[in-house]
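Trainee: Once you've had a glance at the structure underneath, I'll fire off some questions.
2 protein chains.
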Amino acid sequence: MSQNKGLLSFRIEQKIEEAILKKQYDVGDKLPTESQLCEQFSASRTVIREALNSLKARGLVEIKKGSGVYVSELTTENAIGSINLYFELSKDINLVDNAIQTRLHLEPEIASLAAMNRKEEHLIALSHNLEEIIECSIEDIERETELDIEFHILITKATGNPVISLIMEPVLNLISKYKPMVFGKHESLDRKKIKDSVIKFHSRIYEAVKSRNSREAYYEMREHLKETEKNSKEADKYR
Amino acid sequence: MSQNKGLLSFRIEQKIEEAILKKQYDVGDKLPTESQLCEQFSASRTVIREALNSLKARGLVEIKKGSGVYVSELTTENAIGSINLYFELSKDINLVDNAIQTRLHLEPEIASLAAMNRKEEHLIALSHNLEEIIECSIEDIERETELDIEFHILITKATGNPVISLIMEPVLNLISKYKPMVFGKHESLDRKKIKDSVIKFHSRIYEAVKSRNSREAYYEMREHLKETEKNSKEADKYR
DNA sequence: ATGACATATTTGTACGATTAATATACATAA
DNA sequence: TTATGTATATTAATCGTACAAATATGTCAT
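So the sequences go chain by chain: A and B. At position 188 of the first sequence (counting the first as 1) the number is 188 in our numbering, and the numbers step up by one without a gap. At position 173 of the second sequence (counting the first as 1) the number is 173 in our numbering, and the numbers step up by one without a gap.
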């Protein structure tokens, strides 16, 4: 019928996406049924389903069997999922270094902001995290890594600025890519030293945030990340 | 056959994704044909195609008609596409403010890094951008916005740290969400004032980066963004 | 070895049929 | 009236077949 560039299903996908972007359909709204969309776009159900499937894969719509297709709010998981995957699949050997440098230069200011804006709920979450990492077995590197990441994510959340949390989370998730590497290069005695250092700095940062001392939060975070950088470089030597 | 939770196509999608994550298939590799995957997973071609289609929508594979399905490298566009969409669809009335605050607190340090690490190529791109925004018509708000965003993206690239560029780009793209709003609230005379201010600060930042003066780059970026924040708040008053 | 052509392979689109989950309307009971 | 259960209709999920269109492969002549 129409002269085309690209796949039919893709063109239809874009048209539906455009309608959503233009608020022609709002969050929660039900899209026309597959059969109706077939008529609307003069296409087979196959291509309509492929278009809807793509939108679903990207988190724009939710499809309920027996009910219909609904516009869904993009979740933060969806938003940062792609960037996490991008880092995960990246073969850039400098990725870890770049992530550490990014943290070293941006996180102190974030800690400073956290000290200014934190609420009671953030302190509760942070102190709970501290307890957990202290109690965490020295052998359970995976769990310790999780808690380490969580601590720093909690700090971003304490800023009260969701944009900061959103963009920093993928960078912080990369900790799981180098922390086990660092630990793997050290004997258990050294691992204990490193863990103690982490706990020491996390505690200091927590105290600074609690007492709304933004200068100190900045300073301790910076020292913490310098230490992280040092340990990473140490591990690099033996690579 | 198998007791299931969730959709068959989704389960297969995850299995294929897992295989890619585990480097069972590397970038560029050809996946089995649809028919082969049908046998492998004992499923109809329909569900196999839906699984592949989802992976394609997320940028993990490329499908070539008549040829096959290939593992593709995730592009940066793909990585930040979801987060851009997330911001685009966000109804958070504070989103713009949060983005400006994020820039105000993070970009000065980024400018400082740019001054330290910039290469000749970055200076060329930056000066070209400056020329263009100077020559840009005062009426062409859309173009000016594009160039404004580009300037700040170029600064992030001058840091030499792709992680910083990646996470800042979605935040910078939000400029297109508030700059026209700011301009819309001002008479053309004021618009000229704002544009002159932008050019003034961009020039100063450029000079600081060029002369590797990181302290000055930090300072001028901060002043620039304070101005941005002020203008945004002005526009807010009349909202 | 190279290029043209015929053939095979592979994905794109279409249609029809059946299954399973959900929504709706209605009848029934408290 | 309200609540609950049931029958019915709607809708998406899966399957299978068929053909079209783009690509890849092999053959043959030069």
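For every residue, glycine included, the Cβ atom is placed at its ideal position computed from N, Cα and C. Values in this document were obtained by computation on a predicted structure and should not be read as measured data.
Looking only at DSSP bridge pairs, what is residue 71/A linked to?
Mentor: Answer is 61/A, bridged to residue 71/A.
Trainee: Could you tell me whether the Cβ of residue 3/A comes closer than 8 angstroms to any Cβ of chain B?
Mentor: The predicted position of residue 3/A is uncertain, since its pLDDT is 41 and thus under 50; a value taken from the coordinates is nonetheless stated next. Taking Cβ atoms only, chain B never reaches closer than 8 angstroms to residue 3/A, which makes this a no.
Trainee: If I measure Cβ to Cβ from residue 301/B and keep anything under 7 angstroms in the same chain, skipping five residues before and after, which residues do I get?
Mentor: Lying outside 1 to 239, the shown extent of chain B, residue 301/B is not represented and no answer is given.
Trainee: Would residue 220/A be called buried (16 or more neighbouring beta carbons within 10 Å of its own) or exposed?
Mentor: Buried, because 16 or more other Cβ atoms sit within 10 Å of the Cβ of residue 220/A.
Trainee: Quickly, what does DSSP pair residue 30/A with across the bridge? List them, please.
Mentor: Note: residue 30/A sits in a beta bridge opposite 70/A.
Trainee: Verify the CB distance criterion: does residue 101/B have a CB-CB separation below 8 angstroms to chain A?
Mentor: Answer yes: the Cβ-Cβ gap between residue 101/B and chain A drops below 8 angstroms somewhere.
Trainee: Identify the continuous alpha helix (DSSP H) that holds residue 174/A and give its terminal residues.
Mentor: That residue, residue 174/A, is in no alpha helix (DSSP H); it is neither H nor E in DSSP.
Trainee: Identify the continuous alpha helix (DSSP H) that holds residue 127/A and give its terminal residues.
Mentor: Here the alpha helix (DSSP H) through residue 127/A covers 120-135.
Trainee: Measuring straight from C-alpha to C-alpha, what distance separates residue 132/B and residue 150/B?
Mentor: Each residue's alpha carbon lies about 11 angstroms from the other.
Trainee: Which residue comes first and which comes last in the alpha helix (DSSP H) that contains residue 160/B?
Mentor: Per DSSP, residue 160/B belongs to no alpha helix (DSSP H) and is neither H nor E.
Trainee: Residue 162/B touches chain A at which residues, Cβ-Cβ below 7 angstroms?
Mentor: Chain A residues near residue 162/B: 98.
Trainee: Shortest alpha-carbon distance to residue 167/B belongs to which of 78/B, 32/B and 63/B?
Mentor: Ranking 78/B, 32/B and 63/B by Cα distance to residue 167/B puts 78/B first.
Trainee: Please identify, using Cβ separations under 8 angstroms, the residues of the region 61-74 of chain A that lie next to chain B, in order along the chain.
Mentor: For the region 61-74 of chain A, which is checked against every Cβ of chain B, the residues closer than 8 angstroms are 73 and 74.
Trainee: Residue ranges of each alpha helix (DSSP H) run of no fewer than 4 residues wholly in the region 175-231 of chain B, ordered along the chain?
Mentor: Segments of the alpha helix (DSSP H) lying fully in the region 175-231 of chain B: 175-184 and 188-210.
Trainee: Does the region 136-152 of chain A come close enough to the region 171-184 of chain A to have 3 or more Cβ pairs within less than 8 angstroms?
Mentor: Touching, yes.
Trainee: Using 8 angstroms as the limit for Cβ to Cβ distance, is residue 223/B near chain A?
Mentor: Residue 223/B does not count as touching chain A.
Trainee: Counting C-beta neighbours from all protein chains within 10 Å, is the total for residue 9/B 16 or more, i.e. buried, or is it exposed?
Mentor: Buried, by the Cβ-count rule.
Trainee: Whose CA, out of 193/B, 209/B and 170/B, lies closest to the CA of residue 158/B?
Mentor: The candidate whose alpha carbon is nearest that of residue 158/B is 209/B.
Trainee: Does any residue of chain B have a CB that is nearer than 8 angstroms to the CB of residue 32/A?
Mentor: So no, residue 32/A is outside the interface.
Trainee: Just to check my reading of the structure: residue 55/A and residue 17/A have Cβ atoms closer than 8 angstroms, yes? What is that Cβ distance to the nearest angstrom?
Mentor: That belief holds up - the Cβ atoms of residue 55/A and residue 17/A are roughly 6 angstroms apart, short of 8 angstroms.
Trainee: Give the residues from the region 111-143 of chain B that approach chain A closer than 7 angstroms (Cβ to any Cβ), ordered along the chain.
Mentor: So the list reads 113, given in the order they occur along the chain.
Trainee: Identify the contact partners of residue 85/B in chain A, using a Cβ-Cβ distance below 8 angstroms as the criterion.
Mentor: Per Cβ cutoff of 8 angstroms: 58, 60, 74 and 79.
Trainee: In terms of residues, what are the limits of the alpha helix (DSSP H) holding residue 97/B?
Mentor: Start and end: 95-117.
Trainee: What are the residues of the region 153-181 of chain B that lie near chain A, defined by any Cβ-Cβ distance shorter than 8 angstroms?
Mentor: So the list reads 161, 162, 163, 164, 166, 167, 168, 170 and 171, given in the order they occur along the chain.
Trainee: Cβ of residue 12/A within 8 angstroms of Cβ of residue 60/A?
Mentor: No, the pair does not count as a contact, with Cβ atoms beyond the cut-off.
Trainee: Could you tell me whether any Cβ in chain B is nearer than 8 angstroms to the Cβ of residue 229/A?
Mentor: No, residue 229/A does not count as interfacial toward chain B.
Trainee: Is the distance from the Cβ of residue 169/B to the Cβ of residue 105/A below 8 angstroms?
Mentor: It is not a contact, given that the beta carbons lie outside the stated cut-off.
Trainee: Please name the residue, chosen from 193/B, 73/B, 137/B and 199/B, that lies closest to residue 87/A on a Cα-to-Cα basis.
Mentor: Comparing Cα-Cα distances from residue 87/A to each of 193/B, 73/B, 137/B and 199/B, the minimum goes to 73/B.
Trainee: For residue 82/A, would you say it is in contact with chain B, using Cβ-to-Cβ distances shorter than 8 angstroms as the test?
Mentor: Yes - at least one Cβ of chain B is within 8 angstroms of the one on residue 82/A.
Trainee: Which one of 230/A, 207/A, 140/A and 179/A has the shortest CA to CA distance from residue 118/A?
Mentor: Ranking 230/A, 207/A, 140/A and 179/A by Cα distance to residue 118/A puts 207/A first.
Trainee: Could you tell me whether the Cβ atoms of residue 102/B and residue 161/A are closer together than 8 angstroms?
Mentor: Yes, Cβ-Cβ distance for residue 102/B and residue 161/A is below 8 angstroms.
Trainee: How big is the Cα-Cα spacing for residue 49/A and residue 194/A?
Mentor: Rounded to the nearest angstrom, the two C-alpha atoms are 52 angstroms apart.
Trainee: Anyone know if the C-beta pair for residue 214/A and residue 112/A falls short of 8 angstroms?
Mentor: Going by C-beta atoms, residue 214/A is nearer than 8 angstroms to residue 112/A.
Trainee: In chain order, what residues of the same chain lie with their CB nearer than 7 angstroms to the CB of residue 36/A, ignoring the 5 residues before and after it?
Mentor: Within the same chain, residue 36/A has no close Cβ partners at all.
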